[in-house]
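Residues in the sequence shown are numbered consecutively from -2, following our numbering.
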Amino acid sequence: MKEPLITLEDLENLPLKSVKEYYLKHVNKGIPKFLSMLCLDVFEIKYAEGMYIYTKCGRKIYDFTGGFSVLNLGHNHPRILKARTRFNERKQMEIWKTFLSPYLAVLSRNIAAVSPGDLNYVFICNSGAEANEGALKLAEKYQGAGRKKIIYTDLSFHGKTHAAMSVSSCEPSRKFFKLLDNCISVPYGNWYAFEQIIKENSGEKSGTNDIIAIILEAVHAEGVIQPLTGYLKNIRRLCDEHNILMIIDEVLCGFGRTGKMFSFEHEEIIPDIFTVAKSLGGGKASVGAYISRDAIYNKAYGRLQDSMIHSSTFSGLGEECYTAIESINVLVEEGLVNNARDMGGYFFDRLNDLKDRNTGIIADVRGMGLLICIELKRPADKIVKMLKNISTTIQDFSDGFLTGIIVSLLLHRYNILVTPGPHEKRVIMIIPPLIVSRDEIDYFIDSIDELFSMSIPGMIKAYSSLKVRNMIS
Ligand SMILES: Cc1ncc(COP(=O)(O)O)c(C=O)c1O
């Protein structure tokens, strides 16, 4: 052994300095740098509950990131904690490969119960990317030999595994990797382009083409880009006419985020397959799933010899399923989907007022339920130059530096946590837990209003003194 091991007891009192050191030496060199740029690396977290994160130095932080939609129920929902304790106190079995798991059966049955139409077959996995991989494989198996192509959109993120990345236009790192062959991008929101691609890929015999499926989000979550009404219906129609499968990614938007159980329900269409993850695990368990219509599942995997074509060791662990069962029950019993719709509408109206008062800073505000974003204006070159003197790292993220400054100041001055879009650097994402209240939204608006009243140079000044203070301490 190179060094003595650190125990759980030691970990309780581990200073932040050591956490940073271990990140730099053993986890990732860039993450501490990035967090430092946003001044997010200075807090030691004590615990988290509901909408709030509590720090050791006594701050109560409003979490408007909602763990990027993992925390639809908030942090450590009491019923989720209770479910997990109950499962463990009764020493329930975790791995069910050789017996029928009641947990997997009930979770799948309940997911089917909240899904429209005949979306009845559920495969449980551990992440969004894995759910999308599974969905693409299912579609390919369903279509059989002869069809080769997957259509995706030019505004898309479906995960970072190889196949998911091959259909994720917004992931810049994909240029470093070998992508799947036969994936074709079409403009998001333009169903004519999809129709054109079908024509280009049609055989001589009428009604034949070599497209397996199209994968897309019903609303592009990052940046909240909503296609025009009718887009999804037309994609559905074209898929039906040409026997192409329609896969919808609900990894971020699923389970109430947009004010409906699933975001495709705003257009009342039923996809052939859809994928979920993030909040399904109640903020505790890493659970994802793909859900397919009866006929799709039956043809692809319905026969005994095909039933284990797609599987994984950690698929359907007992406690993960148990937690996810409770997560859906809490969502429904607490009326959180309706709360997302109502609070989302209120938030959006108040943000629009804010926009009208801050036209020099805000370019646009977009929202669907509690999936909300503020798009910032691109600051003038003069300001970009000013920033060079403050932080060279922030300069690296040129388009994102104003976003970074606002994120830092909201946290340090007002105890409000938000994040920049992972790919859209001029966008501040607001994805609170679905339990958020009017008072919390009012606090957010009043705070950001006060911050913006400093104007851009004032915010830059405040950020630079914050950086200096953090460097000294
Ligand atoms: C829409 C969407 N799909 C898929 C994924 C990938 O999910 P995961 O990170 O769990 O693999 C994400 C992750 O942010 C997402 O936002």
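Glycine included, each C-beta is placed from N, C-alpha and C at the ideal position.
Is glutamate 372 helix, strand or coil when you go by DSSP? strand
How far does the beta strand (DSSP E) with methionine 243 in it extend, from its first residue to its last? First-last of the beta strand (DSSP E) with methionine 243: 242 to 246.
Can you tell me which of Cys250, Met365 and Val119 puts its alpha carbon nearest to the alpha carbon of isoleucine 270? Val119
N- and C-terminal bounds of the alpha helix (DSSP H) containing phenylalanine 191: Phenylalanine 191: member of the alpha helix (DSSP H) spanning 188 to 197, first to last residue.
Is the beta carbon of glutamate 197 less than 7 Å from the beta carbon of leucine 229? Cβ distance not < 7 Å, so glutamate 197 and leucine 229 don't count as in contact.
Ordered list of alpha helix (DSSP H) runs contained in the segment 72 to 139, each at least 4 residues: 75 to 86 and 99 to 111
Within a Cβ cutoff of 6 Å, which residues of the same chain sit near glycine 156, ignoring the five residues on either side of it in sequence? Gly125, Ala126 and Asn129
Ordered along the chain, which non-local residues of its own chain (more than five positions away) have a Cβ less than 6 Å from that of serine 112? Ile288, listed in sequence order.
Residue closest to arginine 338, alpha-carbon to alpha-carbon, out of Cys180, Ile306 and Met258: Met258
Residue from Leu21, Val67, Glu9 and Tyr44 whose Cα sits closest to the Cα of isoleucine 427: Val67
Can methionine -2 and valine 216 be called in contact, C-beta distance under 7 Å? Not closer than 7 Å, so no.
Cβ atoms of histidine 239 and isoleucine 209: under 7 Å apart, would you say? no
Host alpha helix (DSSP H) of tyrosine 185 (start-end): No alpha helix (DSSP H) contains tyrosine 185, which DSSP labels as neither H nor E.
Endpoints, beta strand (DSSP E) assigned at methionine 426: 424 to 427
Taking 6 Å as the cut-off, is the CB of histidine 159 close to at least one heavy atom of ligand 1? No, since every heavy atom of ligand 1 falls outside the 6 Å radius drawn around the Cβ of histidine 159.
Going by the beta-carbon positions, is the gap between glycine 143 and proline 430 smaller than 7 Å? no
Should serine 434 go down as buried or exposed, given a rule of 16 or more other Cβ atoms within 10 Å for buried? Result: exposed.
Classification of threonine 400 by the beta-carbon crowding that lies within 10 angstroms, buried from 16 upward: buried
CA-CA distance, phenylalanine 191 and proline 169? 23 Å
Any non-hydrogen atom of ligand 1 within 6 Å of valine 248 CB: yes
In or out: glycine 8 buried (at least 16 other Cβ within 10 Å) or exposed? Reading the sequence as shown, one finds leucine at residue 8 and not glycine. Classification of leucine 8: exposed, given that the 10 Å Cβ count is below 16.
Alanine 286: CB within 6 Å of a non-hydrogen atom of ligand 2: Judged by which ligands are present, ligand 2 is missing from the structure shown, whose ligands are ligand 1.
Close Cβ partners of leucine 314 (< 6 Å) along its chain, the five nearest in sequence each way excluded: Taken in chain order, the residues that qualify are Glu91.
Sort out for me which residues DSSP pairs lysine 146 with in a bridge. Ile208
Just to confirm, are leucine 35 and serine 405 a CB contact at a threshold of 7 Å? yes
Say whether the segment 43 to 51 touches the segment 71 to 80, bearing in mind that this needs 3 or more beta-carbon pairs closer than 8 Å, one atom from each stretch. yes
Between which two residues does the beta strand (DSSP E) holding serine 289 run? Residues 285 to 290.
Nearest-angstrom Cα separation, counted from valine 183 out to glutamine 193: Computed Cα separation, rounded: 10 Å.
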